[in-house]
Structures are given as structure tokens and as C-alpha cells.
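S.K.: Here the protein sequences come in this chain order: A and B.
Mapping to the UniProt record's numbering: the first sequence position 177 is 177, numbers consecutive.
Mapping to the UniProt record's numbering: the second sequence position 112 is 112, numbers consecutive.
Number of protein chains: 2
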Amino acid sequence: MQSRTAASRPGRPRSATADTAILAATRDALVELGWSKLTLGDVATRAGVAKTTLYRRWPGKNELVVDAVAELFDELELPDRGSLAADIEGVVLQFATILARPEARSGLMAVVAESTRDDALRQRIRESIVDRQKCLVLEGRSRAQARGELPPEPDPSESARTADLIFDVIAGAVVHRALVSAEPVDTDWAHSFAGLLLNGLTASATA
Amino acid sequence: MQSRTAASRPGRPRSATADTAILAATRDALVELGWSKLTLGDVATRAGVAKTTLYRRWPGKNELVVDAVAELFDELELPDRGSLAADIEGVVLQFATILARPEARSGLMAVVAESTRDDALRQRIRESIVDRQKCLVLEGRSRAQARGELPPEPDPSESARTADLIFDVIAGAVVHRALVSAEPVDTDWAHSFAGLLLNGLTASATA
DNA sequence: CCATTACGCTACGACTCGTAGCGAAAGCGA
DNA sequence: TCGCTTTCGCTACGAGTCGTAGCGTAATGG
Numbered sequence: 001m002q003s004r005t006a007a008s009r010p011g012r013p014r015s016a017t018a019d020t021a022i023l024a025a026t027r028d029a030l031v032e033l034g035w036s037k038l039t040l041g042d043v044a045t046r047a048g049v050a051k052t053t054l055y056r057r058w059p060g061k062n063e064l065v066v067d068a069v070a071e072l073f074d075e076l077e078l079p080d081r082g083s084l085a086a087d088i089e090g091v092v093l094q095f096a097t098i099l100a101r102p103e104a105r106s107g108l109m110a111v112v113a114e115s116t117r118d119d120a121l122r123q124r125i126r127e128s129i130v131d132r133q134k135c136l137v138l139e140g141r142s143r144a145q146a147r148g149e150l151p152p153e154p155d156p157s158e159s160a161r162t163a164d165l166i167f168d169v170i171a172g173a174v175v176h177r178a179l180v181s182a183e184p185v186d187t188d189w190a191h192s193f194a195g196l197l198l199n200g201l202t203a204s205a206t207a
Numbered sequence: 001m002q003s004r005t006a007a008s009r010p011g012r013p014r015s016a017t018a019d020t021a022i023l024a025a026t027r028d029a030l031v032e033l034g035w036s037k038l039t040l041g042d043v044a045t046r047a048g049v050a051k052t053t054l055y056r057r058w059p060g061k062n063e064l065v066v067d068a069v070a071e072l073f074d075e076l077e078l079p080d081r082g083s084l085a086a087d088i089e090g091v092v093l094q095f096a097t098i099l100a101r102p103e104a105r106s107g108l109m110a111v112v113a114e115s116t117r118d119d120a121l122r123q124r125i126r127e128s129i130v131d132r133q134k135c136l137v138l139e140g141r142s143r144a145q146a147r148g149e150l151p152p153e154p155d156p157s158e159s160a161r162t163a164d165l166i167f168d169v170i171a172g173a174v175v176h177r178a179l180v181s182a183e184p185v186d187t188d189w190a191h192s193f194a195g196l197l198l199n200g201l202t203a204s205a206t207a
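1. Output the residue ranges of the alpha helix (DSSP H) runs that lie fully inside the stretch 20-67 of chain B and measure 4 residues or longer, sorted by chain position.
2. With DSSP run on the structure shown, which of helix, strand or coil describes Ala194(B)?
3. May I have the straight-line CA-CA distance separating Gly140(A) from Pro151(A), to the nearest angstrom?
4. With H, G and I counted as helix, E and B as strand and the rest as coil, what does DSSP make of Met1(A)?
5. Can Asp80(A) be considered in contact with the ligand PLP, in the sense that its beta carbon sits closer than 8 Å to one or more heavy atoms?
6. Please list the residues of the stretch 80-112 of chain B that have a C-beta atom closer than 9 Å to any C-beta atom in chain A, keeping them in chain order.
7. Any beta carbon of chain A sitting closer than 9 Å to that of Asp168(B)?
8. Using a C-beta to C-beta distance shorter than 7 Å, which residues of chain A count as neighbours of His176(B)?
9. Do three or more CB pairs link the stretch 145-165 of chain B to the stretch 131-148 of chain A at distances below 8 Å?
10. Is it buried or exposed for Ala160(B), if we count other Cβ within 10 angstroms and need 16 for buried?
11. Leu138(B): which of Pro156(B), Leu196(B), Arg124(B) and Met109(B) sits nearest, CA to CA?
12. Quick check on DSSP: helix, strand or coil for Asn199(B)?
13. Check each residue of the stretch 117-141 of chain B: if its Cβ is closer than 7 Å to any Cβ of chain A, include it; give the result in chain order.
14. Taking Ile129(B) as the reference, give the member of Val112(B), Ser142(B), Gly82(B) and Asp118(B) with the closest Cα.
15. Between Ile125(B) and Val66(B), is the Cβ-Cβ spacing less than 9 Å?
16. What's the gap between the Cα of Gln123(B) and the Cα of Leu76(A)?
17. By the three-class DSSP mapping on this structure, what secondary structure does Thr162(A) have?
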């Protein structure tokens, strides 16, 4: 295969510093201008590169913003806080911290909106952003099962379905609170939400 | 006050049919083109009006799409299904039915994204779309309290906080499932979600 | 030294934006 | 019937963005 990686390809290699500069400039432009007023020409000027360089690396505005926003989720991690309730609060606050940044607020929702008419873009978002969030949820559940807080689920398809449900509930609630209701996702709210969800999970298990 | 309503104002009145034609044309354009490729000139042509007429009535693309999408939520209602679980499933499926329409998918998320940088737009969305959804949740809870399925909440501020929480959970989960995960919100999913939420609500009440 | 690729720069046609100006149409009151 | 007022359709406009093409130059590997 050797599918044309940067390794053994003749010619001048692509500048790695340009990539980081472009993505940083994209985030800066998102903060100052927002999605709708962001232009690729402006991003190129901010990054100190030519506009044509942008079009050589990204098909368009959508894909560029996805990559720029995806880097914000690099800091996602889930420290073990000892209990399922604390872990839920932890992942909620992790989401909230990223969604508090203006470049995430304006960029993320816009590309999700565009992805409703572009399956390739949806796939890109899923791989670089959504799946990384989902991993936190899966890890939190496996920890809870290891602690005995949640019963093990033998059926893998049933397990996947409940995981999808839990993920949509957590991510959806946080996003809706932060962007639609536009109210703060603080520790109080995270505590209330974690209590609600935890009760739902454990009660359904014992019932 | 008599704040310049259409009643006693001299001159030619605004065409009421033009309003409905413009909003319908906006929805058609959303279906065919999506948010990003939708232009006001195209909408005007579809509606059979002049472009200047659009700008006389709406400040811009954002506000026009909000009004066009808001009409989709006119059909929202919550029939009494006899139990809290059934009512939750009902409201979830109501949301899902609207979000299944492509003009809602592409339009709603886009204006929400824009609202992160435009407080006036956020207010407009809240009044014409979000609050109408919230009413269903509030009505479902009051019914459940009347049936005795949920305990009455004496503290009004505490009651409002839990209502906000429940609303963000329901609306957020449905939106996330439909638009981000891009998987169907069918009766199976609605049933699983309602079970999870119902357990969370009743368990927290008894605890 | 040469082939190959990336880069910066300029220029371009096509398109959209939001506004201004004009004459005609549709109401209302005298 | 005659003004007065506001809306409407239409045209035209400068400004801005888009995405691409062309060119000469810079950076790597054989």
C-alpha cells in the first residue's frame, strides 16, 4: 500500500509549522469573527501563508474548521474519581470546559449543521471529535462495572445500544445547556445532572 | 401605545400572502440547497417577490430562517397518554418528527450556531422555538404531579431549576441522537430513553 | 544536477451581498 | 374623485468573497 505518506515521496515536503499556524489562525478567526464571517483569505493572512496553500490542504471551510476545532478535544481525559457519580460529573465538566471557549461554540455547531447535508463531513466529525468524546463514556461505564456499581452486560449489541443512549444523553444535555439554553454548566448543574442520570442507570438495573 | 400595528396605519398594507410565500420558499430552499448555499436572492425568486421586499421585512438570512423553521413547530402538541412514561415517549417522538425534516435539520442547527455570537438572534430563537418546546415538558410534569407520579415541588426556584435540567436532557438527547449521531429516533429508542429518564426522576424523588 | 513537489504571489471571472433610486400599485381620509 | 402614505417590483451599483490558474522560486531526494 504505502499510501503516499510524507515518508518516501519526492519533492519538497509540506511545512508542518504551516499546518499548526493555519489551525491556530482558524481558531483565532472563529473567536473574533465567528463562523459566518470567517473567510479563508483572512485565515491565510493571519497564518502568514498564501490562500492557495489552504486550498491545497483542505477542500473547504467546513473541513478546515473541523480540524481546527478537533484539536481542542486533545485535552480530553477522564481521571478516575473513584465513583460513577464523580466520573459523570468529571466528563460533564470536561465537555463544558471546551464548550465554554468561543471558538468551539461557534465552530462546532456550524459544522454539525453543515454535516446534515454532507455525509463525508459527518464522517470526518465523527472520527475526529465525536468518537473521542464517546470513549470517555465507555471508559466510565467499564470502570463502574469493575467497581460493581453497574452490572456487566453480556449481550454486546444490547451493551452498544445502551452506550449510545447514555452518550447521546450526556453529550446532548451538555451541548443543549451550553449553546441553546445558554446557561452555565457549573458544578451545581453537573451534580444535579449526574444524580439524575445515576439514578436512572442504577434503578433500571435493579428493576 | 398603539405601537404601529398594521391596524391604523396609512398607506398600502403589506401583503400577507407574500409572507407565507417567502417562508415557504425559504423552507424549500433549505431542503434543496441547505443553509450555506441558501441565498436571499434565490428565495425571493422562488417566492415570486423582489429581493428588496425580503430586506424590508427581515434584517438578514438568520432571522428569516428562524421564522421559517419556527412554523414547523406549530404542530407541536402533547396528547395526554395517561402516564408519565407514555408522555415522555410522546414528546420525544414529537421532536423527532420535526427533526426528521431536512429543512429543520439544516436550518435549526445553523441558526443556533449563529446565535452563539448574536444575542438578539438567540432571544428570537428562544421565543419562537425553544420556549414552545419547553411548554410541552412543563405540561408533562404538571400532569405527572396531578396523577401522583411525581411529588409536588413547593420551592418555585428549585422547581424551575429541575425543569430546566429535564428540558435540556430531553431536547439535547433527541437533537444529539438525530443530528450528531445521525441515527433514527424511533419508538424503540424513545422507549429506552423514557425508561432511563423516568427511573432517574422517580428514584431521585424517593431517595 | 535534475526531477518532483510545495510555496508565495498575482490575477481572474463568477457570484452574492445589501442598498439606492425610480415609477407604479394599493390602501385611507377628505 | 383626489391627494397622501406606504409598499412593491425592478434595475443598477460598489464592495466583498469564492475557488482556480498561472508563474517563478524554494526545498527535498536520487
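C-beta atoms are modelled at their ideal positions from N, C-alpha and C, and glycine is treated no differently.
Being a predicted model, the structure only gives us computed values, none of them experimental.
M.R.: So, from the data block:
1. 40-47 and 51-57
2. helix
3. 13 Å
4. Note on Met1(A): pLDDT 43, under 50, position unreliable in the model; the coordinate value appears next. Met1(A) falls in the coil class under three-state DSSP.
5. The model depicted lacks the ligand PLP and carries no ligand whatsoever.
6. Pro102, Arg105, Ser106, Gly107, Leu108, Met109, Ala110, Val111 and Val112
7. yes
8. Asp168, Ala171, Gly172 and Val175
9. no
10. exposed
11. Pro156(B)
12. helix
13. Arg117, Arg122 and Val130
14. Val112(B)
15. yes
16. 31 Å
17. helix
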